[in-house]
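Quick note: the sequence shown uses this note's numbering, first residue 23, plus one each step.
Yeah, the Cβ is synthetic: ideal placement off N, Cα and C, and Gly gets one too.
Okay, structure first, notes after.
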Amino acid sequence: MKKNCPNSNCAFPKNFIRDGSFRRKEDSKIIQRFRCKTCGTRFSNATFTTTYCQKRRRINFPLLKLLASGVSMRRSALFLGVDKKTVERKLPYLAKRCKELNQKKLETFKGRIHNMQLDDLITKENSKLKPLSVTVAVDEDRRRILALEVSQIPAFGHLSKLAVKKYGNRKDEHFNGLTRLFQIISPNQIPGNVDVHQISPQLRQILSVK
Ligand SMILES: [Zn+2]
Numbered sequence: 023m024k025k026n027c028p029n030s031n032c033a034f035p036k037n038f039i040r041d042g043s044f045r046r047k048e049d050s051k052i053i054q055r056f057r058c059k060t061c062g063t064r065f066s067n068a069t070f071t072t073t074y075c076q077k078r079r080r081i082n083f084p085l086l087k088l089l090a091s092g093v094s095m096r097r098s099a100l101f102l103g104v105d106k107k108t109v110e111r112k113l114p115y116l117a118k119r120c121k122e123l124n125q126k127k128l129e130t131f132k133g134r135i136h137n138m139q140l141d142d143l144i145t146k147e148n149s150k151l152k153p154l155s156v157t158v159a160v161d162e163d164r165r166r167i168l169a170l171e172v173s174q175i176p177a178f179g180h181l182s183k184l185a186v187k188k189y190g191n192r193k194d195e196h197f198n199g200l201t202r203l204f205q206i207i208s209p210n211q212i213p214g215n216v217d218v219h220q221i222s223p224q225l226r227q228i229l230s231v232k
């Protein structure tokens, strides 16, 4: 862990000394404190961690396992004995951490991905009249998610007329979503000789691949 004085205006951020410690009540760990000799700012080993200011560090990993297994947020809160608001606040943090870890893992695959599968699933915002398309690119051999993009699409089938009447014209962002997805994965992950023949006819049409 790289430690520096957290004060951004500090002239000599590396000039700090140990300044006691405290026992963190939440997980019973002894945390070292420091004091900057230049500006007097006090900080600790906890200042630089990703869980800084969290009050329920112990549930981070169990909660991740529950949420990743399809358990609902309310039920997870009940299992772990915390408020549902805590779960609600933890979700963006866990998502960010997982994204970082996945990104780190993906870097080790650079140029070694030979088979990739793309799939789209349709879900909705708050009504079936506002559908969303979630495009996922998966590494077939390692079964890892390479990228995931969500894009809004207009309602289709028998709901299309009702959707226009109720919510007006809905922009089709699917192509932009796919473009973003390919921008994420193409520079690093995919070698030049991609076999595009296994792409479904609909996707081929979207990607304008012959
Ligand atoms: Zn300082």
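Three-state secondary structure assigned by DSSP to residue i
i	result
P153	strand
T60	coil
G103	coil
F34	coil
K25	coil
E147	coil
G42	strand
R111	helix
L116	helix
Y74	coil
G133	coil
R80	helix
S182	helix
G199	helix
R96	helix
K193	coil
Beta carbon of residue i nearer than 8 Å to that of residue j
i	j	result
S155	H196	yes
L85	L116	yes
I81	V104	yes
C58	F83	no
Q174	K193	yes
R96	K106	yes
M138	V160	yes
Beta-bridge partners of residue i, as assigned by DSSP
i	result
T69	Paired residues: none, contrary to the question.
K51	R46
S173	S155
Q139	V160
R166	D161
CB-CB length for residue i against residue j, believed under 8 Å
i	j	result
G199	T157	6 Å
I52	S66	Actually they are not in contact, since the Cβ atoms of I52 and S66 sit about 10 Å apart, beyond 8 Å.
L203	A169	5 Å
P35	T69	In fact, because the Cβ distance is near 13 Å, the residues do not count as touching under 8 Å.
Q.
Please output, in chain order, the residues near ligand 1 using a CB cut-off of less than 5 Å to any non-hydrogen atom of the ligand.
A. C27, N29, C32, C58, T60, C61 and T63
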